[in-house]
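Chains as they are written, first to last, in this note's numbering: chain Z, 3 to 201; chain U, -19 to 64.
Put into structure tokens, the structure is as follows:
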């Protein structure tokens, strides 16, 4: 018997099983044929994420969503702005800005994906190290690994040019990204996607 | 009750045990991408999130789940690749 796909407007019909099914549908110990009816294609597929924050817990969440979405076949754009630029700053980026204020900025906020603080329990940098140890016990990818993973899954990485200027960052200070752009680029992608996040 | 023996043999077996979200889905997507259309891919994870994430992934990517099996904290799903 074929499994019929109910029209989207109606409540889904009870799962039609081929042959005798398990007595209790909630019983996950049995092997159940699963009707994963192909979903209606969404009119606007995909995700954009504005990565505004530079703390590694928030950034980790942003990458989780980006990598998960990209693995589900959705187009993903990550737009790095303000403190989020720390994530894509090269660890060996120069510390000298074009004026004393920007130099001070570069020294106080050197950036780099492996140097991000925590939003809570930072303890002058001890917190992130302890968190990294906990995460490695769970085989969780680190932020630099997530960045590579996102790149390999064709997540589009965009650096915000206006905040780069404010922070005294040049293209040479950043890891390779797909484009250097502004709000119109972000909005053009955001309009075409169903999920738009600001983290 | 469908027996495991009745399932088509998986062409690719993904061991995602010990991995946490989003890695089981990332590994699964990799395997499905590498498979031929019509082939069956088996994924096993210890992350209980897979119980919800696997069907959600199948809906988004429009591939088919042909079987599911849990024993203790190990959860397995069998996917059939429906399209390239």
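Every residue, glycine too, gets a C-beta built ideally from N, C-alpha and C.
Three-state secondary structure assigned by DSSP to residue i
i: residue 177 of chain Z; result: coil
i: residue -10 of chain U; result: coil
i: residue 88 of chain Z; result: helix
i: residue 108 of chain Z; result: helix
i: residue 192 of chain Z; result: helix
i: residue 31 of chain U; result: helix
i: residue 17 of chain U; result: coil
i: residue 0 of chain U; result: coil
i: residue 57 of chain Z; result: coil
i: residue 39 of chain U; result: helix
i: residue 93 of chain Z; result: coil
i: residue 9 of chain U; result: helix
i: residue 67 of chain Z; result: helix
Test: residue i CB closer than 8 Å to a CB of chain Z
i: residue 21 of chain U; result: no
i: residue 9 of chain U; result: yes
i: residue 2 of chain U; result: yes
i: residue -8 of chain U; result: no
i: residue 67 of chain U; result: Nothing about residue 67 of chain U can be reported from this structure: the residues present for chain U run from -19 to 64 only.
i: residue 65 of chain U; result: Residue 65 of chain U is absent from the structure shown; chain U starts at -19 and stops at 64.
i: residue 24 of chain U; result: no
i: residue 29 of chain U; result: no
Chain U within 8 Å of residue i, Cβ atoms only
i: residue 133 of chain Z; result: no
i: residue 149 of chain Z; result: no
i: residue 73 of chain Z; result: yes
i: residue 70 of chain Z; result: yes
i: residue 142 of chain Z; result: yes
i: residue 66 of chain Z; result: yes
i: residue 159 of chain Z; result: no
i: residue 136 of chain Z; result: no
i: residue 76 of chain Z; result: yes
Residues that residue i bridges to, as DSSP identifies them
i: residue 45 of chain U; result: U:59
i: residue 198 of chain Z; result: Z:50
i: residue 79 of chain Z; result: Z:50, Z:158
i: residue 74 of chain Z; result: Per DSSP, none; premise fails for residue 74 of chain Z.
i: residue 24 of chain U; result: U:-5, U:56
i: residue 51 of chain U; result: U:54
Contact belief for residue i with residue j at Cβ below 8 Å, rounded distance in angstroms
i: residue 119 of chain Z; j: residue 57 of chain Z; result: 6 Å
i: residue 165 of chain Z; j: residue 84 of chain Z; result: 5 Å
i: residue 208 of chain Z; j: residue 195 of chain Z; result: Residue coverage of chain Z in this structure runs from 3 to 201, which leaves residue 208 of chain Z outside it and unanswerable.
i: residue 23 of chain U; j: residue 4 of chain U; result: 7 Å
| task | Let me know the beta strand (DSSP E) ranges lying completely inside the stretch 112 to 186 of chain Z, each 3 residues or longer, listed in chain order. | result | 158 to 162, 181 to 183
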